[in-house]
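Below you'll find the structure, written out as structure tokens, and then a few comments.
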Ligand SMILES: NC(=O)c1ccc[n+]([C@@H]2O[C@H](COP(=O)([O-])OP(=O)(O)OC[C@H]3O[C@@H](n4cnc5c(N)ncnc54)[C@H](O)[C@@H]3O)[C@@H](O)[C@H]2O)c1
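Numbering (my numbering), first residue to last: 2 to 249.
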């Protein structure tokens, strides 16, 4: 479970959920981890726990990201959010916000870390996409659009980075047990007037062959492997961890 000694890793949205699990995983594998999040207290607490650094940053501030120069051997683009509504009711500013956080900001971070990776001849970019990067669901227009765009960004990065020792891949989980999902479960239970367990089994996991949520540590294990020397030939790929959802 090592292989990342001497490497630096930058993980966005790392104060919570999947990002936090990735921070712990990469630190356990030996990397010096920067925990980037708009939640400064959360980022600081986790950085202290894993012996890393905290970076309090609002990734919606794309003008600042345009000017920044970052150095990292491993970049995990993980920060994300969800807004659910019918297209006809969808607020344009929410659509723009999700696209900014989950497409433009990853582009700017990749653009910023690549020169250093190219100089060192090594880089690992892991983009936390979703089963919604390869499948659609109703009422998630901005999220599905953003994740599909992230898939394209990841593939172009893979092609341009290949001759410089840089790989770029997507990870595509189904529903993961994180605050992002527990909030959706509570909302849906209220909206549909049913219990939370029923929401998980009948609504969230209707397409999943395995009827349980993914654990954040399971996603982090895959991210750790993609960052490791063992995955040097894996690039431009999208790895599902969706309990069989996309097998349909
Ligand atoms: N939970 C799931 O079921 C699931 C499934 C597939 C993909 N994903 C993806 O995994 C990623 C992480 O999701 P999660 O479930 O761990 O969510 P989460 O809500 O637990 O964590 C998201 C983190 O991103 C941070 N963040 C939000 N906006 C930010 C901003 N403007 N600047 C900096 N940080 C910001 C939050 O503070 C939070 O710490 C997202 O990209 C999400 O789309 C989640």
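Virtual Cβ for every residue (Gly too), placed ideally from N, Cα, C. Predicted, not measured: the structure shown is a model, and the values here were computed from it.
Does at least one heavy atom of ligand 1 sit under 7 Å from the Cβ of residue 118?
no
Residues that residue 125 bridges to, as DSSP identifies them
75, 168
For residue 33, write down the residues that DSSP places opposite it in a beta bridge.
9
Going by C-alpha to C-alpha distance, which of 133, 96, 204 sits closest to residue 152?
Comparing Cα-Cα distances from residue 152 to each of 133, 96, 204, the minimum goes to 133.
Any contact of the stretch 73–91 with the stretch 48–55, i.e. 3+ C-beta pairs under 8 Å?
no
Compare the Cα-Cα distances from residue 1 to each of 245, 45, 229, 103 and report the closest residue.
Not covered by the structure: residue 1. The range shown for the chain is 2 to 249.
Measuring alpha carbon to alpha carbon, tell me which of 229, 158, 238, 18 ends up nearest residue 43.
The residue from 229, 158, 238, 18 with its alpha-carbon nearest to that of residue 43 is 18.
Take residue 242 and list the residues in its own chain whose beta-carbon comes closer than 8 Å to its own, dropping the five residues that flank it on each side.
172, 173, 174, 175, 215, 219, 220, 223
Start and end of the beta strand (DSSP E) containing residue 234?
It is not in any beta strand (DSSP E) - residue 234 carries neither H nor E in the DSSP assignment.
Can you give the beta carbon distance from residue 225 to residue 166, rounded, assuming they're within the 8 Å contact cut?
About 19 Å; that fails the 8 Å criterion.
In whole angstroms, what is the alpha-carbon distance linking residue 107 and residue 25?
Distance between residue 107 and residue 25, taken at the CA atoms: about 21 Å.
Under three-state DSSP, which class holds residue 239?
strand
Would DSSP call residue 54 helix, strand or coil?
strand
How many angstroms separate the CA atom of residue 208 from the CA atom of residue 137?
12 Å
With a threshold of 7 Å, establish whether the CB of residue 60 neighbours any heavy atom of ligand 1.
yes
Short check: CB of residue 211 to CB of residue 200, under 8 Å?
no
Classify residue 125 as buried or exposed, calling it buried when 16 or more other Cβ atoms lie within 10 Å of its own Cβ.
buried
Could you check what DSSP says for residue 224 in three-state terms: helix, strand or coil?
The answer is helix: DSSP assigns residue 224 an H, G or I state.
Can you list, in chain order, the residues of its chain whose CB lies under 6 Å from that of residue 205, leaving out five sequence neighbours each side?
Taken in chain order, the residues that qualify are 176.
Hey, would you say residue 15 sits closer than 8 Å to residue 47, going by beta carbons?
Yes.
Among 45, 143, 234, 228, nearest to residue 21 - alpha-carbon criterion
45
Taking the alpha-carbon of residue 32 as reference, which of 67, 160, 228 has the nearest alpha-carbon?
That would be 228, whose Cα lies nearest to the Cα of residue 32.
Give the range of the alpha helix (DSSP H) segment to which residue 189 is assigned.
180–193
Cα separation between residue 72 and residue 164?
19 Å
Taking C-beta to C-beta, are residue 36 and residue 55 nearer than 8 Å?
Yes, they are a contact pair.
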